[in-house]
Structures are given as structure tokens and as C-alpha cells.
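Here's the structure we're looking at; comments come further down.
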Amino acid sequence: MIFSDDDDAPLALDLAPDWTARFGPLAGRLELEIGCGHGGFALAFARAHADRALVAIEQRRAFARDVAAKAERRGHGNLVVIQGDGRILAPRLFRAGSLAAIHVHFPDPWWKRRHGRRRLVDDRMSSLLLGLLAPGGLLDFRTDVERYAREAVVRLEAAGFANECGPGAFAERPPDELPSTREKRYLETGQPVWRLRLRRPA
Ligand SMILES: C[S@@+](CC[C@H](N)C(=O)[O-])C[C@H]1O[C@@H](n2cnc3c(N)ncnc32)[C@H](O)[C@@H]1O
398 MIFSDDDDAP LALDLAPDWT ARFGPLAGRL ELEIGCGHGG FALAFARAHA
448 DRALVAIEQR RAFARDVAAK AERRGHGNLV VIQGDGRILA PRLFRAGSLA
498 AIHVHFPDPW WKRRHGRRRL VDDRMSSLLL GLLAPGGLLD FRTDVERYAR
548 EAVVRLEAAG FANECGPGAF AERPPDELPS TREKRYLETG QPVWRLRLRR
598 PA
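Dropping the structure here:
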């Protein structure tokens, strides 16, 4: 696991890391998860996709440490966990156009006006995420908050994402989708989840 120095001033990198040195040929299929929480998705991804590499960024130190320890115990060499703020770290860790997919699952909604700047999917992040994806790359966004979902789809499409399901539309759950920790609960209770599957146009 890689720690940032502290939560407010994470890693100041001049150059994106050499992911090929870390992952070898798997770096050709590099994916990012922002806000991995307890790691349900990241750990399942690492087990299910030995032919791909995932970098998971998590702001909360205890969560990041726990997911990294599990990845190490389970021998998942294709998963790196980084503690810090994904909004600051993502553009420093990856070159433009280098990611095959970005996963954002159940981001905190931050409804209060004074917390608005903490929200993950704002206009700046929408453009940033688009720019980090390779042409044809996937943004896999899931939330249990309908209002967040509806605002996000408008914002992300305005930034230039193409919606696989048609403008403004939400996706059905793909049969092979790996659930995040929170989503596992919702699959049991039947609580609705709004899913976006958006692509950087080729
Ligand atoms: C509601 S939880 C969802 C966790 C997980 N994705 C899931 O679905 O189970 C949101 C997570 O995102 C993390 N988070 C919030 N803002 C973040 C940011 N800017 N960068 C990295 N992680 C962030 C929180 O610490 C928390 O673990």
C-alpha cells in the first residue's frame, strides 16, 4: 500500500508512476477505483481478473490499510491500494488516456452546501475522469441516491461521456457485475441502485 503524507496534502508526484514496472504486461489493462471502502469490489476484481490490474484509492486510512493487508494475504499482485484523496491523486497517478475503466461505487453524497466541494462527481472531476480514460474506456458509476444519480448523468454527459444506454438512461445490473461491499447488502435487501455505464467516445 502507498500512503500519502497526510489527508490534506497527498503525494506530490511530478510524474505518473511507471505502472508497467509495477504490474508488468497487466498495466496494458489498467483500471482505477475511487473510494474502495472495505474493498468488496477491489478484492473480488483482483481475484476474478488475474489478467487486469487495479489501483484502488481510499481516503480513510484504516480502510485502505485493511484492504491492502487483505490483498497481500490473498496474494493479489494485480491490486495496489493507495490512501488519499482520489480527486487530487488521480491526475498525478495516471497519464491522460491511460485507463481502461474507472469505478466509482456509492460515493458519499455530501448534500450540505458547505460540504459540496467534497463531492466526487462535480464538473472538474467529470472532465478529469473523461480525460484519464482511453478512447472507448468505461466509467462504471453506481449509487443508491437517486438525486445524485440524476445530477451525475447530466454532468457526465455534458463533459463528453457517451452513455451506453442512451442519453440520461440508467443501466440494468450486468449479470457478471462484481458487487461492492455496500452493494452486496442492497442485493440482499432489494434496495434500488442507479447504475451508469458511460464511455469515452472512441
Ligand atoms: C459510501 S462509501 C462506499 C464504499 C465502497 N465503494 C462500497 O460501495 O462499498 C464511500 C467511500 O469513499 C471514500 N471516499 C470519499 N471521498 C473520497 C475521495 N475523495 N477519495 C478517495 N476516497 C474517498 C470514503 O472514505 C468511503 O470509504
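Numbering (this note's numbering), first residue to last: 398 to 599. We treat Cβ as the ideally placed atom computed from N, Cα and C, and that holds for glycine.
Contact check between the stretch 545 to 555 and the stretch 589 to 599: three or more CB pairs, one atom from each, fall below 8 Å, which counts as touching. For the pair E569 and R539, the CB atoms are not nearer than the 8 Å cut-off. Relative to ligand 1, L517 has its C-beta within less than 7 Å of a heavy atom.
Taken atom to atom, the span from the alpha-carbon of E585 to that of S577 is near 13 Å.
The nearest non-hydrogen atom of ligand 1 is less than 7 Å from the C-beta of F503. Counting every other CB atom within 10 Å of its CB across the protein chains shown gives D482 a total of 16 or more, marking it as buried. Counting only residues of its own chain and dropping the five nearest sequence neighbours on each side, H435 has a CB closer than 8 Å to the CB of F460, D463, V464, T578. D537 counts as buried, since no fewer than 16 other beta carbons sit within 10 angstroms of its beta carbon. Secondary structure of V551 (DSSP, three-state): helix. Beyond the five residues adjoining it in sequence on each side, F491 comes within less than 6 Å, by CB distance, of A413, L529 in the same chain, given in chain order. Nearest to H500 by alpha-carbon distance, out of I479, F438, A559, is F438. Around the beta carbon of P572, a 10 Å sphere encloses fewer than 16 other beta carbons of the protein chains shown; the residue is thus reported as exposed.
Spatial neighbours of P564 in its own chain (CB-CB distance under 8 Å, excluding positions within 5 residues in sequence) are listed in chain order as E554. For R582, the closest alpha carbon among the candidates Y545, R596, D541, A599 is that of D541. Per DSSP, reduced to three states, the secondary structure at P532 is strand.
When DSSP states are grouped into helix, strand and coil, W416 belongs to the helix group.
When the five nearest sequence neighbours on each side are left out, the beta carbons in the same chain lying within less than 6 Å of the beta carbon of R515 are those of W507, in order along the chain.
Distances from the CB of H435 to the heavy atoms of ligand 1 include at least one below 7 Å. If you draw a 10 Å sphere on the C-beta of P504, you find 16 or more other C-beta atoms in it, and that means buried.
C-alpha of R484 to C-alpha of E455: approximately 11 Å in a straight line.
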